[in-house]
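Asker:
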Amino acid sequence: MKIAIGNDHAAVDMKLGVKAHLESRGIEVIDMGTHTSDSCDYPVYGEKVGRAVASGEADLGIAICGTGVGIAMAAGKVKGIRACVCSEPCTARLSRMHNDSNVLAFGARIIGMEMAKMITDAWLDAEYEGGRHQRRIDQLMEIENR
Ligand code: RB5
Numbered sequence: 397m398k399i400a401i402g403n404d405h406a407a408v409d410m411k412l413g414v415k416a417h418l419e420s421r422g423i424e425v426i427d428m429g430t431h432t433s434d435s436c437d438y439p440v441y442g443e444k445v446g447r448a449v450a451s452g453e454a455d456l457g458i459a460i461c462g463t464g465v466g467i468a469m470a471a472g473k474v475k476g477i478r479a480c481v482c483s484e485p486c487t488a489r490l491s492r493m494h495n496d497s498n499v500l501a502f503g504a505r506i507i508g509m510e511m512a513k514m515i516t517d518a519w520l521d522a523e524y525e526g527g528r529h530q531r532r533i534d535q536l537m538e539i540e541n542r
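One rule links them: number in our numbering = place in the sequence shown (from 1) + 396.
1) Taking all protein chains shown into account, decide if N541 is buried (16 or more other Cβ within 10 angstroms of its Cβ) or exposed.
2) According to DSSP, what are the bridge partners of E424?
3) Please specify which runs of the beta strand (DSSP E), each continuous and at least 3 residues long, are wholly inside the segment 465-495, giving them in chain order.
4) What is the chain-ordered set of residues for which the beta carbon lies under 6 Å from any non-hydrogen atom of ligand 1?
5) CA-CA distance, M514 and Y524?
6) Below 8 Å CB to CB, which residues in the same chain sit around V465 once its five sequence neighbours on both sides are set aside?
7) State the DSSP-derived secondary structure class of G508, mapped to helix, strand or coil.
8) On the CB-based measure, 16 or more other CB atoms within 10 Å of its CB, does D404 come out buried or exposed?
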């Protein structure tokens, strides 16, 4: 399993913590930056994560900014990406099971490191259920073609 991870300046420390956590689970991490606390623009990094997942370079993506909102919006603009912002594990789990989310976002200014790890684990440990959800996913992705 390969995960692309990206962040803006607000989330460098959280990114490093999540990255170490993923690696401790045996997951290969592709770090798309940013790597410093110099001010930068979250759309750049959200798009990088989205493109890595959409192209198949990574299986899934994790995107972190101050709130998680801007970087999720950016990742979600890439065709094929279903990004969600989660501040607790239940939404993260259901976003995989029902919405087949492929990019997880959260906010380094909103949640703490332990919650970030719990959300990440809940998301990774859940599986897409398919079935009745597939029709809705198809409808969702069809919007990209209109
Ligand atoms: C950067 O100050 C902040 O706006 C950004 O990290 C994020 O919260 C945007 O959604």
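Ideal placement from N, C-alpha and C gives every residue a C-beta, glycine not left out.
On a predicted model such as this, the values are computed, not experimentally measured, just so you know.
Answerer: Let me spell this out:
1) The residue is exposed, with fewer than 16 neighbouring Cβ atoms inside 10 Å.
2) Paired residue(s): K398.
3) Segments of the beta strand (DSSP E) lying fully in the segment 465-495: 479-481.
4) Every residue whose beta carbon comes nearer than 6 Å to a heavy atom of ligand 1 appears here in chain order: D404, A406, Y438, C461, G462, T463, V465 and G466.
5) Rounded to the nearest angstrom, the two C-alpha atoms are 18 Å apart.
6) So the list reads V481, A501 and G503, once near-sequence residues are dropped.
7) In this structure, DSSP gives G508 a state outside helix and strand, which the three-state scheme calls coil.
8) Buried.
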